[in-house]
Amino acid sequence: MSYGLLKGKNGIISGALDSNSIAWKVAEKCYEEGARFVLTNAPIAMRMGEINKLAAATQSIIIPADATNVEDLEKLFTQAQENLGGKLDFVLHSIGMSVNIRKNIPYTELNYDFFTKGIDVSALSFHKMLHVAHKLDAINEWGSVVALTYAAAQRTYPFYTDMADIKAMLESIARSFGYHYGKQKKIRVNTVSQSPTKTTAGTGIKGFGDFFDFAQEISPLGNASAEDCANYCVTLFSDLTRMVTMQNLFHDGGYSTTGVSSNILQKLGIEN
Ligand SMILES: NC(=O)c1ccc[n+]([C@@H]2O[C@H](COP(=O)([O-])OP(=O)(O)OC[C@H]3O[C@@H](n4cnc5c(N)ncnc54)[C@H](O)[C@@H]3O)[C@@H](O)[C@H]2O)c1
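Mapping of the sequence shown onto the numbering used here: residues 57 to 328, in sequence order.
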């Protein structure tokens, strides 16, 4: 069911790699809700070609941009406004990558070149996007910028290694930039802290499947799906959340505030 929540709104959606990507679902929901937008991803990710299907289904164009490259981002924000015929109302940052995780390197042994790369791709890229949008005055007043994050920024998940620190930085950038962007241009900046979700980035983490099941047993509502996350992002892009900014918003079925669940106790053989 569509509510027309984003009718007349223009945006940029990054990070749709294949139909499992959270950004893919966000694009589908934004389209259903009446938005027009440009899709973007790293040039290397375009090679898979899957994103063309999403572009066709949502009547959008694709502008490749490496999110670590400020020049690429300048082209992206300039060409997106040209294509959409005006300023933007929303931006989704849905970008994450850790070489240390990919290579299964334990936290105590991190490779610092990989760590630096992870920071650039997954956190600094958010600052760079905000910086370019701000410099080009590319977003309308009351516009909304959202980045996706994970609860390892607040508490320790050993398998999440350097991405925990990187997500903490990402969330901090949302608060810091959100202050300036709010004060100067009335633009809001938030992060959404999503449940474990079966995507390319998610399943690349060692033990992800077991952890997905664990989170499912802890969360009173169960894990939030990518579709649920997309719906939440739509509300954050809409005018119904105008006064929400500089927040890290948990979208996790209650996981982050549950200490222990009866399901887990039962599995441990503890009566409750
Ligand atoms: N899957 C999960 O369990 C989960 C949970 C919480 C938060 N998140 C976050 O959601 C976001 C999206 O991830 P996803 O799970 O949909 O996985 P995904 O693999 O589908 O998306 C990650 C995207 O980042 C893009 N990317 C990587 N390097 C880039 C670069 N240099 N420039 C531009 N784009 C680049 C990839 O091409 C890909 O499209 C990430 O920030 C991730 O950390 C995921």
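Beta carbons: idealized from backbone N, C-alpha and C, even for Gly.
In this text the structure is predicted, and so the values were computed from the model without any measurement.
(message) Is ALA205 close to ligand 1? I mean its beta-carbon at under 7 Å from any heavy atom of the ligand.
(response) The count along the sequence shown starts at 1 and reaches residue 205 at position 149. The sequence shown places Thr at residue 205, rather than the Ala named in the question. THR205 Cβ: within cutoff of ligand 1.
(request) Starting from ILE100, follow the alpha helix (DSSP H) in both directions and report where the run begins and ends. (result) The sequence position of residue 100 within the sequence shown is 44, counting from 1. Here the alpha helix (DSSP H) through ILE100 covers 99–102.
(message) Taking the straight line between their C-alpha atoms, what separation do you get for ILE100 and GLN303?
(response) Here residue 100 is taken as the residue at index 44 of the sequence shown, counted from 1. Here residue 303 is taken as the residue at index 247 of the sequence shown, counted from 1. The alpha-carbon atoms of ILE100 and GLN303 are separated by roughly 32 Å.
(request) For GLU197, count neighbouring Cβ atoms within 10 angstroms of its own Cβ and tell me buried if that reaches 16, exposed if not. (result) Translated into positions along the sequence shown, residue 197 becomes position 141. So GLU197 ends up on the exposed side.
(request) Specify whether the stretch 227–239 and the stretch 310–321 touch according to this definition: at least 3 beta carbon pairs, one from each stretch, less than 8 Å apart. (result) In short, these stretches do not touch, since the Cβ pair count stays below three.
(request) Entirely within the stretch 124–166 and at least 4 residues each: give me those alpha helix (DSSP H) ranges in chain order. (result) The stretch 124–166 contains these whole alpha helix (DSSP H) runs: 126–140, 155–158.
(message) Looking only at its chain, what residues have a beta carbon closer than 7 Å to the beta carbon of THR301, apart from the 5 residues adjacent to it on each side?
(response) Here residue 301 is taken as the residue at index 245 of the sequence shown, counted from 1. GLY234, GLY238, ARG244, VAL245, ASN246.
(request) State the start and end residues of the unbroken beta strand (DSSP E) segment that holds GLU197. (result) In the sequence shown, the residue the question calls residue 197 occupies position 141. Per DSSP, GLU197 belongs to the beta strand (DSSP E) from 195–205.
(message) Less than 8 Å between the C-beta atoms of CYS289 and VAL82, yes or no?
(response) Reading the sequence shown from its first residue, position 233 is the one you call residue 289. Reading the sequence shown from its first residue, position 26 is the one you call residue 82. In terms of Cβ geometry, CYS289 and VAL82 form a close pair [threshold 8 Å].
(message) To the nearest angstrom, how far is the alpha carbon of LYS109 from that of ASN97?
(response) Position 53 of the sequence shown, counting from 1, holds the residue named residue 109. Position 41 of the sequence shown, counting from 1, holds the residue named residue 97. Their backbone Cα atoms lie some 14 Å apart in a straight line.
(message) Tell me the DSSP secondary structure of GLN115 in three-state form.
(response) As a position in the sequence shown, residue 115 is number 59, starting the count at 1. Coil at GLN115, not helix or strand.
(request) Report the option in ILE175, ALA220, VAL94, ALA282 whose CA atom is closest to the CA atom of GLY142. (result) Within the sequence shown, the letter at position 86 stands for residue 142. The shortest C-alpha separation from GLY142 is found at VAL94.
(message) Give me the residue from CYS285, LEU277, LYS173 with the minimum Cα distance to GLN250.
(response) Mapped onto the sequence shown, residue 250 falls at position 194. The option with the nearest alpha carbon to GLN250 is CYS285.
(request) Kindly indicate which three-state DSSP category SER58 falls into: helix, strand or coil? (result) If you number the sequence shown from 1, residue 58 lands on position 2. In this structure, SER58 counts as coil in the three-state DSSP scheme.
(message) Considering only DSSP beta bridges, list what VAL245 is partnered with.
(response) For the purposes of this step, residue 245 is taken as the residue at position 189 of the sequence shown. BP columns for VAL245 point to VAL201.
(message) Once DSSP output is grouped into helix, strand and coil, what is the label at LEU277?
(response) The residue labelled residue 277 in the question sits at position 221 within the sequence shown. Of the three classes helix, strand and coil, the one that applies to LEU277 here is coil, per DSSP.
(message) Tell me the rounded alpha-carbon separation between ALA280 and TYR311.
(response) Walking along the sequence shown from the start, residue 280 turns up at place 224. Walking along the sequence shown from the start, residue 311 turns up at place 255. Rounded to whole angstroms, the separation of the alpha carbons of TYR311 and ALA280 is 10 Å.
(request) State the DSSP-derived secondary structure class of GLY265, mapped to helix, strand or coil. (result) Here residue 265 corresponds to residue number 209 of the sequence shown, with the count starting at 1. Residue state, collapsed to three classes: helix.
(message) Run through the DSSP bridge pairs and tell me what LEU305 is partnered with.
(response) Position 249 of the sequence shown, counted from the first residue, corresponds to residue 305. Answer is VAL248, bridged to LEU305.
(message) Mapping the DSSP letters down to three states, classify ARG92 as helix, strand or coil.
(response) Looking up residue 92 in the sequence shown gives position 36. Under the three-state reduction of DSSP, ARG92 is assigned to strand.
(message) Using a Cβ-based criterion (distance less than 7 Å to any ligand heavy atom), does ALA72 qualify as near ligand 1?
(response) Taking the first residue of the sequence shown as 1, we reach residue 72 at position 16. Because some heavy atom of ligand 1 lies under 7 Å away, the Cβ of ALA72 counts as near it: yes.
(message) So for ILE69, helix, strand or coil by DSSP?
(response) Taking the first residue of the sequence shown as 1, we reach residue 69 at position 13. Strand.
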